[in-house]
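J.: Please find one structure pasted underneath; my questions will follow.
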Amino acid sequence: MPSRWTILAVLFVARAAIAVQFQSIAAIAPELGKALDANLADIGVLIGLYFAPGVALALPGGAIGRRFGDKASVLAGLAMMLAGEMLLFTSTSWSVQIAARLISGVGGVLLNVLMTKMVVDWFTGRRIATAMAIFINSWPLGIALTLAGLPLIRAEFGIAGTQIAVMALIVAALALVGFLYQPPGPAAAPASAEGSRLAKPAVWAVLLAGLIWAFYNVGFAMIFSFAPSMLVERGWSTAAAGSAVSIVLWLAALSVPLGGYLADQSRSRNAMLATSCLAFAALVLLLWRCSAVLPTMVVLGLVCGLPAGAIMSLPARVLAPATRALGMGLFYT
Numbered sequence: 263m264p265s266r267w268t269i270l271a272v273l274f275v276a277r278a279a280i281a282v283q284f285q286s287i288a289a290i291a292p293e294l295g296k297a298l299d300a301n302l303a304d305i306g307v308l309i310g311l312y313f314a315p316g317v318a319l320a321l322p323g324g325a326i327g328r329r330f331g332d333k334a335s336v337l338a339g340l341a342m343m344l345a346g347e348m349l350l351f352t353s354t355s356w357s358v359q360i361a362a363r364l365i366s367g368v369g370g371v372l373l374n375v376l377m378t379k380m381v382v383d384w385f386t387g388r389r390i391a392t393a394m395a396i397f398i399n400s401w402p403l404g405i406a407l408t409l410a411g412l413p414l415i416r417a418e419f420g421i422a423g424t425q426i427a428v429m430a431l432i433v434a435a436l437a438l439v440g441f442l443y444q445p446p447g448p449a450a451a452p453a454s455a456e457g458s459r460l461a462k463p464a465v466w467a468v469l470l471a472g473l474i475w476a477f478y479n480v481g482f483a484m485i486f487s488f489a490p491s492m493l494v495e496r497g498w499s500t501a502a503a504g505s506a507v508s509i510v511l512w513l514a515a516l517s518v519p520l521g522g523y524l525a526d527q528s529r530s531r532n533a534m535l536a537t538s539c540l541a542f543a544a545l546v547l548l549l550w551r552c553s554a555v556l557p558t559m560v561v562l563g564l565v566c567g568l569p570a571g572a573i574m575s576l577p578a579r580v581l582a583p584a585t586r587a588l589g590m591g592l593f594y595t
């Protein structure tokens, strides 16, 4: 049986594939707009449609995983992502483009919900915060690879080349999950109807964890959405402002797994989580007020990633194996 770290690497690649497919439209937006005769608002619609199914399918996605099995459901999700990308490749019809992004998005929702649950299955009680921190780092890595790589591929091979590259990554993820993923330990006996229900305290705990995760991500988004404009208003060039803000992202890629490790080592994970969140909030306020922008950005990058793994591990503390699929669906809803 593969080690749990091998399993984590497989799931990391599969989640990075979601990030690459999501960002693939934005990475070549100007050229794609010309090819489709679409304006920036239209391209924005294509980008946003990828996550539109998540509003309705996160909770049913957990139920699907429980009904058909995690691995089979994840493979089906990857197949839907591949089918959506193939539709993008074969047609420039606007209606087909919309359908393709929705189909891909449904697959991405299934993966997001179920692969998080699969990480929990493998790491509950054993460095769960560290594993979650590494797992969620797959998203910024996938975004960064897309922004750096797809424009180069487009310049050499055109838009079709970028779509083939995305399809190749999804196929690689399909192969890795299909050949390497196994559930941890022997298959459990089917849970009774009573045992597979989420108790009311667990429901409230998972909802609270989901709210914490949502507010944390809002704080993160504020930095990348408004900090560049704030710096430009202070007289920075657009390029310099973007470079300064990117410091936070690159350092967060280091602080996220570090925070997960510290949470696993801490005797009081809740205290560590609360302290790092308060420090994150204080630094965001400081950034808006102080003139020492670069030092603040560096400290902010080192601090802002610390709570991520601990937050993502919260549902695992209240969900039994029989309720994890539904619970993670509720968490992402």
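Residues in the sequence shown are numbered consecutively from 263, following the numbering used here.
Even for Gly, the Cβ is constructed at its ideal location relative to N, Cα and C.
1) For Q425, count neighbouring C-beta atoms within 10 Å of its own C-beta (all shown protein chains included) and say buried if the count is 16 or more, exposed if not.
2) From G327 to P446, what does the alpha carbon distance come to, in whole angstroms?
3) Specify, as a first and last residue, the run of the alpha helix (DSSP H) that N237 falls within.
4) Tell me the DSSP secondary structure of Q444 in three-state form.
5) Rounding to the nearest angstrom, what Cα-Cα distance links V307 and A320 in this structure?
6) Which of helix, strand or coil does DSSP assign to A338?
7) Mind the definition here: the stretch 556 to 564 touches the stretch 506 to 516 only if three or more C-beta pairs lie below 8 Å; say whether that holds.
8) Using a 10 Å radius around the Cβ and a threshold of 16 neighbouring Cβ atoms, would you call V428 buried or exposed?
9) For C539, tell me which candidate among R551, S528, C566 and Q527 has the shortest Cα-Cα distance.
10) So is R389 buried or exposed if we call it buried at 16+ other beta carbons inside 10 Å?
11) In its own chain, which residues sit with a C-beta less than 7 Å from the C-beta of Y443, not counting the 5 before and 5 after it?
12) Unbroken alpha helix (DSSP H) runs of length 4 or more, entirely within the stretch 269 to 315: which are they?
13) Tell me which residues share the same chain as E293 and place their Cβ nearer than 7 Å to its Cβ, disregarding the 5 neighbours each side in the sequence.
14) Quick one: Cα of R363 to Cα of D304, how far?
15) Secondary structure at A450, three-state DSSP: helix, strand or coil?
16) Identify, in the order they occur along the chain, each residue of the same chain with its Cβ nearer than 7 Å to the Cβ of P315, setting aside the five sequence neighbours on each side.
17) Just mark W384 as buried or exposed, buried being the case when its beta carbon has 16 or more other beta carbons within 10 Å.
18) Just the Cα atoms here: how many angstroms apart are A437 and P557?
19) So L592 and V507 are supposed to be a Cβ contact under 8 Å. How far apart are they, rounded?
20) Taking 7 Å as the limit between beta carbons, can you name the residues of its chain near Q359, skipping five residues before and five after?
21) Taking buried to mean at least 16 other C-beta atoms within 10 Å of its own C-beta, is G323 buried or exposed?
22) How is the alpha helix (DSSP H) around M263 delimited, first residue to last?
23) Between L588, A503 and P519, which lies nearest to F330 when the distance is taken from Cα to Cα?
24) By the three-class DSSP mapping on this structure, what secondary structure does A345 have?
25) Taking the beta carbon of T500 as the centre, do at least 16 other beta carbons fall within 10 Å, making it buried, or is it exposed?
26) Mark W267 as exposed unless 16 or more other C-beta atoms lie within 10 angstroms of its C-beta, in which case mark it buried.
T.: To lay it out plainly:
1) buried
2) 16 Å
3) Lying outside 263 to 595, the shown extent of the chain, residue 237 is not represented and no answer is given.
4) coil
5) 20 Å
6) helix
7) yes
8) buried
9) C566
10) buried
11) I269, V272 and K333
12) 291 to 298 and 302 to 311
13) R416 and I421
14) 13 Å
15) Residue placement at A450 cannot be trusted, given a pLDDT of 43 that sits under 50; what the coordinates show is reported in the next sentence. DSSP places A450 in coil when its eight states are reduced to three.
16) L364, G367, V368 and V371
17) buried
18) 44 Å
19) About 33 Å separates the two Cβ atoms, so there is no contact after all.
20) L298, L308 and L350
21) buried
22) First-last for M263: undefined, no H or E at that position.
23) L588
24) helix
25) exposed
26) exposed
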